[in-house]
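> The structure follows.
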Amino acid sequence: MYCLLQRPFERLLNCRKAHFLTTALLFCFLTNFAQISGFNINNQSHRASFPFELINNLIVVKVVINDTNELNFILDTGVKVTLLTDNTITNFDLSKCRAVNIIGAGAMNFVEAFVVNQIHFELPGITSERLSLVVLKEDYLHLQNHLGMEIHGILGYDFFNQFVVKIDYVRKMVTVYDPDTFKPKKSYTSGDIMIDHGRPYIQANIVQHNKSHVKAKLLIDTGASHSIMLETDSDSTISVPEKNVETIVGWGLGGELQGKLGRIDSLHIYGFNFSDVLCMFTSDFGMNILDKIPNRKGSIGGDILNRFSVIFDYQNNKVYFHRNSNFKKEFTSNMSGIDLIASGTNFKLFKVIHIIPDSPADQAGVKIDDIILSINGQMINEMTIQEVNGFFRSREKSKIKLIILRDQSIISTGFRLKKLI
Numbered sequence: 000m001y002c003l004l005q006r007p008f009e010r011l012l013n014c015r016k017a018h019f020l021t022t023a024l025l026f027c028f029l030t031n032f033a034q035i036s037g038f039n040i041n042n043q044s045h046r047a048s049f050p051f052e053l054i055n056n057l058i059v060v061k062v063v064i065n066d067t068n069e070l071n072f073i074l075d076t077g078v079k080v081t082l083l084t085d086n087t088i089t090n091f092d093l094s095k096c097r098a099v100n101i102i103g104a105g106a107m108n109f110v111e112a113f114v115v116n117q118i119h120f121e122l123p124g125i126t127s128e129r130l131s132l133v134v135l136k137e138d139y140l141h142l143q144n145h146l147g148m149e150i151h152g153i154l155g156y157d158f159f160n161q162f163v164v165k166i167d168y169v170r171k172m173v174t175v176y177d178p179d180t181f182k183p184k185k186s187y188t189s190g191d192i193m194i195d196h197g198r199p200y201i202q203a204n205i206v207q208h209n210k211s212h213v214k215a216k217l218l219i220d221t222g223a224s225h226s227i228m229l230e231t232d233s234d235s236t237i238s239v240p241e242k243n244v245e246t247i248v249g250w251g252l253g254g255e256l257q258g259k260l261g262r263i264d265s266l267h268i269y270g271f272n273f274s275d276v277l278c279m280f281t282s283d284f285g286m287n288i289l290d291k292i293p294n295r296k297g298s299i300g301g302d303i304l305n306r307f308s309v310i311f312d313y314q315n316n317k318v319y320f321h322r323n324s325n326f327k328k329e330f331t332s333n334m335s336g337i338d339l340i341a342s343g344t345n346f347k348l349f350k351v352i353h354i355i356p357d358s359p360a361d362q363a364g365v366k367i368d369d370i371i372l373s374i375n376g377q378m379i380n381e382m383t384i385q386e387v388n389g390f391f392r393s394r395e396k397s398k399i400k401l402i403i404l405r406d407q408s409i410i411s412t413g414f415r416l417k418k419l420i
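When you line the sequence shown up against numbering that gives the first Met the number 0, it's residues 0 to 420, in that order.
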């Protein structure tokens, strides 16, 4: 499953608060699909390392498929297969490939995809000569519009199951190890995980806003950038706090996913404790998805994981954590009420796709489909979507002045940022 939450804008928010854009994008189930991966490390040291980009708390790595140009894939523990979302560069002849069914979060019907076998797949220092790839018939997800960069696919279980995988969120490096030779450092805290339907789960203890306790089976989801999400249909004791905001928690194959954003009192995992944690609450997960994963109650995502270096060892059902410099940062939310997508040439056209009701932007008259032209006197056609969102998530009471294009008219408006939750 995908949940994209905005990561702190590095230049503007270096010592300020984190910010988020909530976008749940994919939770797929395939029928009659046998995975083949065959990844190998291309040296005798039994390890390989490569850098990644961290966008909205998501890990974006460079891959090469059948000697194409470099493609951008999201490294995702929440997806069981390797998925190609954009076939325009590789241009496989899908008419000769076997069709499979995919159901996504919020979707009421299956969407069409195809299995392409015997793919040559490369990461720096790692190759597979016979990877099986699932290719969407169309780019239903439009990940690039939420991330502001080209995204071509998702790398999931078949990669994580082959190696021990370390993700260093501060150095922005992935290191893979041969499971037979890997030995964890003593400085790491170990915990047990359950691999269920190709995804890693942990047991967590949650103290809710009303001080009640919930023991929860949670997906560890590197492809979700929220802190924690709880699925209210999974447990009648999960309680949405009185103080919450109604929002779109994401966009799936079936469209918008509605939910609420609030806080839990605390989250406890493997001896690590987090207080006053932002939490998404949703019940909109589509057709029988919860029935396929017994006892699942939600997930933890990138805004928890990026506080550690994390090591996944699927073969031994282990995960290892080492806290980093992000560990004590505050859990903060959108203080403007604006959600954007990026489109146009080089993703420099920024359109409002959602406004949180009664938020500062809503009260200032910002509307869905508005095109933002400038912020605080700065033209934004040279900014990234992370930089634009950085203005909206800087400091409480900061003044924001917008120039907006609406129906061929230029409109000026403004507001002050305000904590919504």
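Even for Gly, the Cβ is constructed at its ideal location relative to N, Cα and C.
Predicted, not measured: the structure shown is a model, and the values here were computed from it.
1) Indicate, with yes or no, if the ligand FAD has a heavy atom lying under 7 angstroms from the CB of valine 318.
2) Tell me the start and end of each unbroken alpha helix (DSSP H) in the segment 298-345 that is at least 4 residues and wholly inside, in chain order.
3) Taking a contact to mean a Cβ-Cβ separation below 8 angstroms, would you say phenylalanine 38 touches phenylalanine 162 in this structure?
4) Express the C-alpha separation of valine 248 and isoleucine 153 in angstroms, rounding to a whole number.
5) What whole-angstrom Cβ distance do leucine 146 and isoleucine 54 have, given they're in contact under 8 angstroms?
6) Excluding the 5 residues flanking isoleucine 352 on each side, which residues of the same chain have their C-beta closer than 7 angstroms to its C-beta?
7) Does the beta carbon of lysine 398 sit closer than 8 angstroms to a beta carbon anywhere in chain B?
8) Counting C-beta neighbours from all protein chains within 10 Å, is the total for aspartate 275 16 or more, i.e. buried, or is it exposed?
9) Spatial neighbours of tyrosine 168 within its chain, please: CB distance less than 6 angstroms, with the 5 preceding and 5 following residues excluded, ordered by chain position.
10) Where does leucine 142 sit, in a helix, a strand or coil, going by DSSP?
11) Do the segment 183-192 and the segment 86-100 touch if we need at least three Cβ pairs shorter than 8 angstroms?
12) Compute the Euclidean distance between the alpha carbons of tyrosine 176 and asparagine 316, then round it to the nearest angstrom.
13) Starting from the Cα of lysine 327, find the closest Cα among Gly336, Cys278, Phe273, Ile355 and give me that residue.
14) Could you tell me if threonine 84 is buried or exposed, where buried requires 16 or more neighbouring beta carbons within 10 angstroms of its beta carbon?
15) Have a look at the DSSP bridge pairing and note the partners of aspartate 167.
16) Take phenylalanine 414 and list the residues in its own chain whose beta-carbon comes closer than 7 angstroms to its own, dropping the five residues that flank it on each side.
17) DSSP on glutamine 257, reduced to helix/strand/coil?
18) Since phenylalanine 51 is in the alpha helix (DSSP H), which residue starts that stretch and which ends it?
19) What three-state label does DSSP hand serine 94 in the structure shown?
20) I need the straight-line Cα distance from phenylalanine 391 to serine 308, nearest angstrom please.
For this structure:
1) The model on display carries no ligand, and the ligand FAD is accordingly not part of it.
2) The segment 298-345 contains these whole alpha helix (DSSP H) runs: 301-304.
3) For phenylalanine 38 and phenylalanine 162, yes; Cβs fall inside 8 angstroms.
4) Within the model, the alpha-carbon separation for isoleucine 153 versus valine 248 is close to 20 angstroms.
5) With 8 angstroms as the limit, leucine 146 and isoleucine 54 qualify as a contact, their Cβ atoms being about 5 angstroms apart.
6) Excluding residues within five positions, the ones whose Cβ falls inside 7 angstroms are Asp338, Leu339, Ile340, Ile367.
7) Absent from the structure: chain B. Only one protein chain is present.
8) Under this definition aspartate 275 is an exposed residue.
9) Excluding positions up to five away in sequence, the list reads Asn305.
10) Of the three classes helix, strand and coil, the one that applies to leucine 142 here is helix, per DSSP.
11) The answer is no - the segment 86-100 does not touch the segment 183-192, with fewer than three Cβ pairs under 8 angstroms.
12) Taking C-alpha positions only, tyrosine 176 is separated from asparagine 316 by approximately 15 angstroms.
13) Of the candidates Gly336, Cys278, Phe273, Ile355, Phe273 places its Cα closest to the Cα of lysine 327.
14) Buried, because 16 or more other Cβ atoms sit within 10 Å of the Cβ of threonine 84.
15) BP columns for aspartate 167 point to Met172, Ser308.
16) Non-local beta-carbon contacts of phenylalanine 414 in its own chain, meaning distances under 7 angstroms to residues more than five positions away in sequence, involve Pro359, Ala360, Gln362, Ala363, Ile399 in chain order.
17) If DSSP states are grouped into helix, strand and coil, glutamine 257 belongs with the strands.
18) First-last for phenylalanine 51: undefined, no H or E at that position.
19) Here serine 94 sits in helix by DSSP.
20) Annotation: phenylalanine 391 to serine 308 spans about 29 angstroms, alpha carbon to alpha carbon.
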